[in-house]
Amino acid sequence: MDENILEINDLVVEYHTDDAVIHAVNGLNLTVKRKETIGLVGETGAGKTTIARAIMRILQTPPAKFCGGTILFEGQDIMKMTEQQMRKIRGDKIAMIFQDPMTALNPIEKVGYQIAEAIGLHNKVSRAEAEIKACDMLEMVGIRSERYSEFPHQFSGGMKQRVVIAMALACNPILLLADEPTTALDVTIQAQVLEVMKSLKEKLDTSVIMITHDLGVVADICDSVAVVYAGEIVEYGTLEQIFDYPTHPYTLGLFNSLPKLDMTEPRLKPIKGLMPDPTNLPQGCKFHDRCPDATEQCAIDPPGMAEIAPGHLVKCFPKGGE
Amino acid sequence: MDEQKKKKKKSRFGEIWRRLKKNKAAVVSLFVIAVVVLVAVFASVLAPYPYDLQDYTAPYAKPSAVHLLGTDRLGRDTLSRLIYGAQQSLQLGIIAVAVSTVIGVIIGAVAGFYGGWTDTLIMRFLDIYQSIPMFLLCVTLASVMGPSLKNAILAIGISMIPGPARLMRASILTVREMEYIEAAKAIRARSARIIRKHIIPNAISPLIVSTTMSIGSGILSGAGLSFIGLGAQPPIPEWGALVSDARNIMRDHGELALYPGICIMITVLAFNLLGDGLRDALDPRLKN
Amino acid sequence: MAMLEVRNLKKYFKNKAGMLHAVDDISFTLDEHKTLGVVGESGCGKTTLGRTVLHLIDITDGQVFFDGKDVSNPSKKELDDMRLNMQIIFQDPYASLNPRMSVSETIMEPLKIEGRLSKAEMRAEVKQLMDTVGLADRFENSYPHELDGGRRQRIGVARALALKPKFIVCDEPVSALDVSIQAQIINLMLDLQEERGLAYMFVTHDLSVVKYISDDIMVMYLGQMVEKAPSDELFQNPMHPYTQALLSAIPIPSIHNRRERIIMQGELTSPINPKPGCRFMDRCRHAAPECVEAQVLEEPSPSHFVACCRSNKI
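Respectively, the protein sequence lines represent chains R, D and Y.
For the first sequence, my numbering gives the first residue as 1, with consecutive numbering after it.
For the second sequence, my numbering gives the first residue as 1001, with consecutive numbering after it.
For the third sequence, my numbering gives the first residue as 2001, with consecutive numbering after it.
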């Protein structure tokens, strides 16, 4: 169970445009264990999607540029693989689902056929076997297999997303990257999709990296959480550690910004200011100019990761008296 | 504040210019067009001779210090005629396109903004209109109105109306679905204001591109009309007319057709390439 | 007398498949200083409801009263007067601002159209408005594409406030924003309500936001109001099976006292030529034969309305 299937060490990704360098990912470390579901939480522009695309190695280069670090998948460095090796891994061992299901579905092909094709591409099975497996997958995500021969436009948004999940999981990937898979869906449909994902990852022993901005989704489906801010992880821990003992000021700020159902205060407590400009990140701690507890030191030195409890890491200077 | 505002406006133009600059072909084209325009404007200063000055002693003169590009069958200076020709051709292209753009934009704007049966009526009319080959329409119009440069311009302008009309309608249909149009309604803006302040400024970019490109095809159609005798009448040295002049003596004095031909080609190409470059520069999707 | 009263409002759209009942027989009242939350899933007609109340789209049937005056079929003049009192803030801070107009131009436009103030007065007013919504002076000449979502949404709020309305329809004003920015905008709207006594109709699919901001909440399903109650009451005692399922589906950012989730079967259809019975019937786990009858809105406890014939049996 404790076997690491993915290890990201000091990953740095930049985007080079004509007149600026965007620092999207700045020295990111992350490990994913077998069967673990890890939530990657952060706001727009935090670099979450870049991280996922880097793991899949589907970043457009240029403008994107890998500037350092390693991504070890089952011990092998993804950055050093040939495109051919990578193609074998993509879809087979690592699968990805996107926010918009239509980016993954071919509008003029039957959905069942698309799933069967994905199966046939990565496994040596006969056409008929692939079709049977595709029907099974459809049933597994709660779609009747009679709908095998329908086209994507005949499905609603939530169902399309479930088809995409079926397609992604059809080859029993070791790792599933889910980039905001439920953001575009209504709450009740989101509930359906999350339910499907939960039962499937149990059944198939897949590790999941769940990229989201919604702490509610994280609480629902994840085992551990990494909070991302300005391209680095500022806090990492188990679900309990992050939700019961949030420590980094940014994590605390995120929780306080959310209206809670049992809330009685007359006003919310937003984080002041805005996400920093990724072409011009602040010196020292990247959060210091928005942080309520910032000291002079924070503006000068970037804090290192401190382990405040076993497995609970926080990128912040220890506070006096605590 | 107004000064600041000006600075801001300029910087937006600057942004477009910055993006346009990256496209080498567009920059070269812009330079070519600038040269052609300057030549046209200062034709009377630049041309060594008037375009209709005949030198009976020297028909078909070879290029020399007196006549840099030689003379035609009436001993008129070829270079001078090409220079004045730039004036005629450019005028023809620009005015014709101006006519078609103004009329087309109004028709397209009405169709796009009001929609419903107005739109259907206008669009079906344009469908029929466009089923007639454009050049044939030009020829018919020009011959009905009588051969002259002015009529050629009108004929070309009228025949090119559907282009900008369709384009305008399409952009308006896109823009009018935007929430800011609804917002304008909510703050009590009248239709005229909505069209003027909110729709046109946002629908105009593709129009600028197509207008630029149309000038090229306007010049080309004009040259075509003149070639078959329905455009500029002698001795007016429109480029198409120059080619036409030379068509019977092409075998012996091919250069007389070649020079204006090259002028037409380069100018039309420049307008097209500039239009291409503008499309990239104006496209907000490429904005980072 | 309520400031805004909507009686049996209907908005139907004709399309190829038949008549789409986007808003079907909705009634409510709203007082000054109060917020009515309207929740439902995409396609339930909540956005259309907001637009119809404001007359941005025509009413098919029903009445709207503002300050006791019937504004259901306003003349051009009446519509103009009405818009002085009723404004709207849009969901998408990208699409709702004209990209070719600067911040000050956008905020000044309603004042220009109104034509009441001199140029200098308008400028002063724009400054004042920008200050009110927390936009720094230096953004005066910026264009929307140069600003982030939160600032853009502030421009939208300032534009809506320019005519000093009493009532604002807020159409998912924070859905497109990040949580930390979302909280800033919600606080701003609450401050404005307190200062100016504004009434809001807050249309959203985000149930935790609506709970926090609303006095009353209306739940819509396929064009109809299925339940309406004071917000605490609705969350404590949801009576309609749809409301119950909807509330249970909210992802809660906490790992304690997690509730049992009601997973609904199937998905939203669209209300084209709907049958008279309960529109939620096919997805409802409490459906019974009597659900094919038309559902009547009842008031089982004061101010708590529900349209479900089985609400007292489940």
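Ideal Cβ positions, reconstructed from N, Cα and C, are used throughout, including at glycine.
Here the structure is a predicted model, which is why all the values come from computation and not from measurement.
In the DSSP annotation of this structure, the continuous segment of the alpha helix (DSSP H) that includes D/G1254 starts and ends at 1254 to 1282. For a cut-off of 8 Å, the C-beta gap from R/L281 to R/H16 is around 15 Å, too long to register as a contact. Secondary structure note for D/S1089: its alpha helix (DSSP H) is the uninterrupted segment 1078 to 1114. Judged by DSSP secondary structure, R/R162 falls within the alpha helix (DSSP H) whose first and last residues are 157 to 169.
Residue-level contact check: Y/N2098 touches chain D, since one or more beta carbons of chain D fall below 8 Å from its beta carbon. Residues of the segment 1176 to 1190 of chain D that bring their beta carbon within less than 7 Å of a beta carbon in chain Y comprise M1178, E1179, Y1180, E1182, A1183, K1185, A1186, I1187, R1188, A1189, in sequence order.
Listed along chain Y, the residues sitting closer than 8 Å to R/D186 by beta-carbon distance are E2041, S2042, H2205, L2268. For D/N1023, not one C-beta of chain Y is nearer than 8 Å to its own C-beta. If you look at R/Q85, you'll find it in the alpha helix (DSSP H) that goes 83 to 89. Look at D/N1151 here: in three-state DSSP terms it is helix.
According to the DSSP assignment, R/N4 belongs to the beta strand (DSSP E) that extends over 4 to 16. In this structure, the CA atom of Y/E2005 is about 4 Å from the CA atom of Y/T2029.
DSSP places D/V1144 within a helical segment (H, G or I) once states are collapsed to three. For D/F1227, the CB contacts under 8 Å within the same chain, skipping 5 residues up- and downstream, are G1240, A1241, V1243, S1244, R1247 in chain order. Check the Cα spacing between Y/L2222 and each of Y/D2232, Y/S2270, Y/I2185: the tightest is with Y/S2270. Between Y/L2161 and Y/L2135, the gap from beta carbon to beta carbon reaches 8 Å or more. The Cβ of D/P1201 sits closer than 8 Å to at least one Cβ of chain Y. Taking 8 Å as the upper bound on Cβ-Cβ separation, chain D lies near residues E2109, P2110, I2113, E2114 of the segment 2104 to 2121 of chain Y. A contact between stretches requires three or more CB pairs, one per stretch, nearer than 8 Å, and the segment 251 to 271 of chain R meets this requirement with the segment 2209 to 2217 of chain Y.
Looking only at R/I58, R/A299, R/N4, the smallest Cα-Cα distance to R/Q76 is reached by R/N4. Per DSSP, the unbroken beta strand (DSSP E) holding R/K65 starts and ends at 64 to 73.
The C-beta distance from R/G216 to R/I189 rounds to 15 Å, too long to fall under 8 Å, and the pair is not in contact. Residue nearest to D/T1057 within the set D/R1076, D/A1098, D/F1042 is D/R1076 (criterion: CA-CA distance).
For the pair R/E131 and R/L268, the Cα-to-Cα distance works out to about 52 Å. Identification of chain D residues near Y/F2090 by a Cβ-Cβ cut-off of 7 Å yields E1179, A1183, ordered along the chain. Look at the segment 2174 to 2195 of chain Y: it has no residue with a C-beta under 7 Å from a C-beta of chain D. The C-beta of D/Y1114 has fewer than 16 other C-beta atoms within 10 Å across all chains shown, which makes the residue exposed. Listed by position along chain R, the residues whose Cβ is nearer than 8 Å to that of Y/S2231 form an empty set, because the closest Cβ is around 10 Å away.
One thing to note: Y/V2219 has its Cβ within 8 Å of the Cβ of Y/V2039. Straight through space, the alpha carbons of Y/L2084 and D/A1186 are spaced by roughly 9 Å. Apart from sequence neighbours up to five positions away, the residues of its chain that approach R/A299 with a beta-carbon distance below 6 Å are G284, H288, ordered along the chain.
For Y/Y2242, the three-state secondary structure derived from DSSP is helix. At least one CB atom of chain Y sits nearer than 8 Å to the CB of R/F243.
Rounded to whole angstroms, the Cβ separation of Y/L2097 and Y/P2144 is 4 Å, and the two are in contact under 8 Å.
Counting of Cβ neighbours within 10 angstroms places Y/E2290 among the exposed residues, the total staying below 16.
Under a criterion of Cβ atoms nearer than 9 Å, no residue of chain Y is adjacent to R/I174; the nearest Cβ is some 27 Å distant.
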